[in-house]
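Numbering (mature numbering (1 follows the signal peptide of the UniProt record, and there is no 0)), first residue to last: -22 to -1, 1 to 259. In this text, a Cβ means the ideal position worked out from N, Cα and C, and glycines have one as well. On a predicted model such as this, the values are computed, not experimentally measured, just so you know. Heads up, the thing below is written out as structure tokens.
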């Protein structure tokens, strides 16, 4: 019975981190990323039958495509949001807390459609202890120069959990695009590069990245740190203490613990008996 309890407990411990750090996230409110969308955009740009003057940033384009090994056609819908075109003065990532992010994402009640121009915000949910967050950091730090009309902010998801629940954040890092304070799309590519970030933003906003946008040495210095913190993670320490406490508790309820106690008690009695015999002699 003890081994079954331990096996069940270890199974829970193995499954829980996959929910916390996994990258396979789905949400009905978010637009899924697919590998076919970049190809569809390229086909639209190269298709001379589509007048460029009839295509606007908030145009919905239905494209039918196929390949030599496909017999049925598929429809891909590309829908972009209308972002404000007013550039920000400070072209750096803003590190925010929960209060500041709530203020930034406060929606304008007069705007009820994604086709209406509104502020667009790109939010990076990261952890200063995470390796993948550190890998994505310099590329995200370079994004404000590529898109000066889109506000870039980052929040420590391990410290502020409110937005994790609201937006379905179970993997770190996570990059979400907001339009008028509402989530529009989530970055789901397994690689974190400036080029992929730029394509993601352009795909959903229609805003092209500035030319010659590159990652510089200054981007590795911050604002989002590009090296994992070596300090102690208080949540990790508490987790380990909890695991140790539970392991000790279940062990004291096992037959092994009773056997150890009985063995120690018997040896102690034998030692006392031998000591008494020697004393009597």
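Where residue i falls, given that 16 or more other Cβ within 10 Å makes a residue buried
i, result
"residue 207", "exposed"
"residue 196", "exposed"
"residue 249", "exposed"
"residue 129", "buried"
"residue 222", "exposed"
"residue 136", "buried"
"residue 219", "exposed"
"residue 83", "buried"
"residue 158", "buried"
"residue 100", "buried"
"residue 244", "exposed"
Segment limits, alpha helix (DSSP H) that includes residue i
i, result
"residue 228", "212 to 230"
"residue 144", "140 to 144"
"residue 119", "109 to 124"
Host beta strand (DSSP E) of residue i (start-end)
i, result
"residue 155", "152 to 157"
Under 8 Å between C-beta atoms of residue i and residue j
i, j, result
"residue 102", "residue 132", "yes"
"residue 202", "residue 182", "no"
"residue 71", "residue 110", "no"
"residue 154", "residue 145", "yes"
"residue 193", "residue 116", "yes"
"residue 147", "residue 104", "no"
"residue 61", "residue 95", "yes"
"residue 141", "residue 98", "no"
"residue 106", "residue 134", "yes"
"residue 69", "residue 122", "yes"
"residue 198", "residue 178", "no"
"residue 79", "residue 120", "no"
"residue 191", "residue 176", "yes"
Per DSSP, cross-strand counterpart(s) of residue i
i, result
"residue 133", "74 and 103"
"residue 164", "154"
"residue 187", "Partner(s): none; residue 187 has no beta bridge."
"residue 96", "61"
7 Å CB neighbourhood of residue i in its chain, flanking five on each side removed
i, result
"residue 235", "229"
"residue 262", "In the structure as shown, the chain starts at -22 and stops at 259, and residue 262 therefore has no counterpart that could be examined."
"residue 238", "none"
Proximal residues to residue i (C-beta, below 6 Å), its chain only, five neighbours per side dropped
i, result
"residue 113", "170"
"residue 108", "150"
"residue 73", "132 and 201"
Same chain, Cβ closer than 8 Å to residue i, neighbours up to 5 away in sequence not counted
i, result
"residue 76", "133, 138, 140 and 141"
"residue 126", "65, 66, 69 and 188"
Chain C within 8 Å of residue i, Cβ atoms only
i, result
"residue 172", "The structure shown contains no chain C; it holds only a single protein chain."
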